[in-house]
Amino acid sequence: MKKSKIAIVGLGHYIYFDQFEGLREELIHKSEQFRAYLDPTVCDIIDIGYIDCAEAAFDAVKALKKEDADLLFVLLSTYVPSAVAAPFARYLDIPQVLVAIQPLEHLDYSHTTTYMQLCNDDVCAMPEIAGVYERLGKPIPPCIVASSSQSEKIKKQVSEWVAAATAMAGFKYEIFGYLGHTYEGMYDMHTDPTAFTAAFGSHVKMLEMCELARLSDAVTNEEVKEQIEEIKSTFEICDPSIDPLTDYVKNEDLEYSARQSVALKKLVSGNKLTALAYYYKSEPNTPYEQLAANLIIGNTLLTSSGIPLAGEADLKTAAAMLIMKNIGGGGSFAESHPFDVCDKVVLIGHDGPHNIKIAEGKPRLRKLKKYHGKSGSGIGVEFSLKAGPITLLSINVDRGGKFRMIAAEGTSIAGDIPQTGNTNTRVSFGCDVCEFLARWSEAGPTHHLSLGVGHHMNTLKKFAKISGIELVEVT
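See the structure below:
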């Protein structure tokens with residue numbers, strides 16, 4: 007996963023340091039302790055040091071602009087005049103978080119000195135500084151306020167901010183592929199590539215089926231053999247089920263899907279794609295028809311490796327899948343299927359693409375004689391998500407043309423699913439399932455969504471602040 011660049015800077019007030027011997031060193035040490043809350047395996051840490059006057063702040067800003075950071079934690083170590091923080095607001099166009107971590111839970115009031123108060127005055131300037139961000143025309147930064155004894159609370163908040171920054175960094179300077187066209191009649195799928203770049207920062211590259219066909223023709227027999235071995239070790243190959251659309255998976259079926267899987271990998275790597283949205287209907291009985299219909303295994307393996315693929319050319323859900331992946335949820339392509347009033351669940355799944363990294367048990371392959379609503383035939387992937395907490399994330403466009411996220415948290419419930427060669431997860435929302443589905447629909451999502459494991463609403467709220475994309479929470 008692509009790391010984010012997280013910057014930290016400690017702020018103080020130089021006038022105090024001639025008045026109180028040792029205070030500067032103690033406050034610097036306090037700021038340095040914040041680094042322990044950042045995981046270097048997840049993010050690159052840029053420590054700007056300790057700044058105690060406006061002049062030094064200007065120099066720090068110049069240095070930080072060269073680092074191209076994704077997020078800045080501004081650490082208030084004592085009372086800090088807002089002039090020391092203002093340059094970071096005025097000159098840096100990156101998300102920022104104000105942090106006030108007071109060393110003591112409470113002062114020993116009968117023995118408190120001015121020195122001790124200054125050591126615990128982290129929050130004193132926070133209102134002043136927040137107000138100056140507003141006066142400078144910048145977003146008021148979110149704030150973390152805690153005592154050092156509340157380490158788990160601090161760790162959780164910092165981790166969520168880093169995850170949100172990492173999710174946004176996942177779009178930075180990246181390329182989304184767009185292959186084919188949207189499914190005919192799905193008005194919610196259409197996406198303006200320029201608006202996508204404006205919102206997420208990624209370039210949308212238009213791809214052609216003839217490139218994929220050329221790559222498919224060039225796949226060697228040895229590559230097909232190796233891909234079949236990976237498929238057999240990854241999936242359980244199933245016989246037909248009660249559904250008359252299912253059939254036996256024959257050797258030639260595996261060979262053809264394996265060839266397209268190799269070609270799809272080469273299309274992604276050759277175009278340096280971070281994600282891909284694709285769909286192609288084709289004329290009946292043409293080479294492109296079967297090629298497009300046999301990408302499910304390949305797109306599942308790619309999605310599971312960290313490169314989201316979205317079917318029906320749903321670029322917005324490809325973005326939702328990338329967000330969900332980068333915040334630790336995995337992210338599988340899905341939509342609402344029939345609900346169960348008796349068990350109070352709704353089936354959520356799709357015919358592909360999928361993320362088997364978050365599957366319950368070994369995923370299954372079933373041959374499908376036809377895909378409902380689509381042309382061609384091929385192999386489908388069938389599984390449920392792991393039992394436990396899950397998050398739904400959909401991205402749509404509002405009436406003003408702006409992107410908007412719609413999200414909800416629920417629970418994946420173990421149990422039977424239809425054996426139709428599609429993924430299906432039994433999801434409960436702890437309420438009347440019909441009422442929830444009505445509220446979800448009223449929030450205006452697309453019919454597709456990214457389904458991930460874990461509860462991530464707090465992180466998504468932070469991503470909304472970082473990205474400037476509205477988030478609607480459905481409960």
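Counting in our numbering, the sequence shown runs from 7 upward without gaps.
Every residue gets a Cβ at the ideal spot worked out from N, C-alpha and C, and that includes glycine.
Quick caveat, the model's predicted, so the values are computed rather than measured.
Option in Gly450, Lys278, Lys350 with minimal Cα separation from Glu476
Per the Cα distances, Gly450.
Checklist entry - Between Glu214, Asn430, Ala413, which lies nearest to Gly421 when the distance is taken from Cα to Cα? => result Gly421 has its Cα closest to that of Asn430, out of Glu214, Asn430, Ala413.
**OP:** From the DSSP output, in three-state form, read off Ala420 for me.
**Re:** coil
task: In the DSSP assignment, find the unbroken alpha helix (DSSP H) run with Ser165 in it and report its ends.
output: 157-175
#### Entry: Exposure label - Ile52; buried when at least 16 CB within 10 Å
Within 10 angstroms of the beta-carbon of Ile52 lie 16 or more other beta-carbons, which makes it buried.
| said: Relative to the C-alpha of Glu448, which candidate in Met132, Ala170, Ile385, Asp404 has its C-alpha closest? | reply: Ranking the options by Cα distance to Glu448, first place goes to Asp404.
* To do: Out of Pro46, Ala299, Leu374, point me to the one whose CA is closest to Glu289's CA.
  => Ala299
Cβ-Cβ distance between Lys322 and Thr452 below 8 Å: yes
### Message
Let's see if you can read the secondary structure: which residues bound the alpha helix (DSSP H) around Tyr139?
### Response
132-141
Helix, strand or coil: how does DSSP classify Phe435 here? coil
Check your understanding: Would you say Ala283 and Ala326 are within 8 Å of each other, going by their C-beta atoms?
Key -> no
Secondary structure, alpha helix (DSSP H): runs of 4+ residues fully inside the segment 42-114: Segments of the alpha helix (DSSP H) lying fully in the segment 42-114: 60-71, 88-97.
Could you tell me which residues DSSP pairs with Gly386 in its beta bridges? Arg372
| For Glu32, which residues of its own chain have a beta-carbon under 7 Å away from its beta-carbon, when the five flanking residues on both sides are left out? | Cys125
- Query: Near Ile313, what residues of its chain come up, given a Cβ to Cβ distance below 8 Å and the 5 sequence neighbours on each side ignored?
  - Reply: Val274, Leu279, Thr280, Ala281, Leu282
Practice item. Could you tell me which of Ile34, Gly474, Asp198, Asp253 sits nearest to Lys211, measuring between CA atoms? Key: From the listed residues Ile34, Gly474, Asp198, Asp253, the smallest Cα separation to Lys211 is found for Asp198.
Beta-carbon spacing of Asn227, Leu270 below 8 Å:
Pairing Asn227 with Leu270 gives a Cβ-Cβ distance that is not under 8 Å.
Closer than 7 Å: is that where the CB of Met122 sits relative to any heavy atom of the ligand ADP? In the structure on display, the ligand ADP does not appear, and there are no ligands present to speak of.
Original post:
What do you reckon, are the CB atoms on Gln102 and Val67 nearer than 8 Å?
Top reply: The Cβ atoms of Gln102 and Val67 lie no closer than 8 Å to each other.
request  = For the alpha helix (DSSP H) holding Glu237, just list the boundary residues, first then last.
outcome  = First, the amino acid is wrong: residue 237 is Ile here, not Glu. Unbroken alpha helix (DSSP H) run through Ile237: 227-240.
Do Gly407 and Ala205 have their beta-carbon atoms positioned less than 8 Å apart in this structure? no
ask   = Based on the DSSP output, what are the partners of Cys149 in its beta bridges?
value = Leu104
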